[in-house]
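K.L.:
Residue numbers (our numbering), protein chains in the order written: chain A, 471 to 580; chain B, 5 to 117.
All residues carry an ideal CB built from backbone N, CA and C; glycine is no exception.
None of the values given here were measured: they were computed from a predicted structure.
Starting off with a structure, shown below.
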């Protein structure tokens, strides 16, 4: 079936440290994955995506890793800043629709 | 310029009322969506339209009726509102019906009393 889950609902990191947000997915046939950031009172905002023919993709301060063997996706944020505080969602592409995971709230300690 | 805009941002209403949420995108995208986010932040698709045609109806009660007058607009009308309809409703658009890389609006927080 289609379901996407997260290992941790909350994550607290020190400013300047790296953050790693994990996600498990269940549909081994999924070939597209995406991360969104949702700040308080706003809609989800695209961060980075990856196709199943890749295992790593880098953006500005963010890296997405895909491990198809264990159906695991992670988002790494380098040098975490206060502006990174948000809820982060992974999603996988089902039949013409994104299926979202639960979300992880990332908080930054000064 | 807001890419995907929806109105109103807040909607407070009584049970049994009928209400509408409007959405417009100026990205030139072909596909638009409605997602519902519950109090636990879980996001679930409700509908998608491609060039004014319905392509996904995710077993939403028929009290919810989307309408797409043109490909830049997708409105959501809700009849006989129930307490359980309280949520944040997000409109989104994407360049094509593949479902990839959605651009979301800022949400409409609906509170049914």
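1) Tell me the DSSP secondary structure of residue 552 of chain A in three-state form.
2) Got a sec? Which residues, its chain only, sit under 6 Å from residue 481 of chain A by beta carbon, not counting five neighbours each side?
3) At least one CB of chain B closer than 9 Å to the CB of residue 556 of chain A: is that the case?
4) What's the C-alpha gap between residue 568 of chain A and residue 33 of chain B?
5) For the putative contact between residue 114 of chain B and residue 84 of chain B, defined by C-beta atoms under 8 Å, what is the C-beta separation to the nearest angstrom?
6) Nearest chain A C-beta to residue 27 of chain B closer than 9 Å, yes or no?
7) Would you say residue 495 of chain A and residue 560 of chain A are within 9 Å of each other, going by their C-beta atoms?
8) So is residue 545 of chain A in contact with chain B if we call contact Cβ pairs under 9 Å?
9) Excluding the 5 residues preceding and the 5 following residue 580 of chain A in the sequence, name in chain order all residues of the same chain whose CB lies nearer than 7 Å to its CB.
10) Out of B/54, B/66, B/86 and B/62, which has the shortest C-alpha to C-alpha gap to residue 77 of chain B?
11) Are residue 56 of chain B and residue 48 of chain B close, meaning C-beta to C-beta below 9 Å?
12) Whole angstroms is fine: what's the gap from residue 94 of chain B's alpha carbon to residue 44 of chain B's?
13) Using a threshold of 9 Å, state whether the C-beta atoms of residue 548 of chain A and residue 509 of chain A are closer than that.
14) Enumerated in chain order, which unbroken segments of the beta strand (DSSP E) with a length of 3 residues or greater are wholly contained in the stretch 479 to 525 of chain A?
15) So what's residue 58 of chain B in DSSP terms, helix, strand or just coil?
16) Can you tell me which of B/72, B/103 and B/64 puts its alpha carbon nearest to the alpha carbon of residue 26 of chain B?
17) Quick one, which of A/479, A/497, A/488 and A/490 has its alpha-carbon nearest residue 541 of chain A's?
18) Cα separation between residue 530 of chain A and residue 518 of chain A?
19) So, helix, strand or coil for residue 31 of chain B, using DSSP?
20) Do you know how far the Cα of residue 111 of chain B is from the Cα of residue 13 of chain B?
21) Straight-line CA distance for residue 67 of chain B to residue 107 of chain B?
22) Distance cutoff 9 Å, beta carbons only. Does residue 70 of chain B sit that close to anything in chain A?
P.N.:
Quick answer:
1) helix
2) 574 and 576
3) no
4) 17 Å
5) The pair is not a contact, with the Cβ atoms about 14 Å apart (cut-off 8 Å).
6) no
7) yes
8) no
9) 485
10) B/54
11) no
12) 15 Å
13) no
14) 480 to 484, 489 to 495, 502 to 508 and 515 to 521
15) strand
16) B/72
17) A/497
18) 9 Å
19) coil
20) 6 Å
21) 26 Å
22) no
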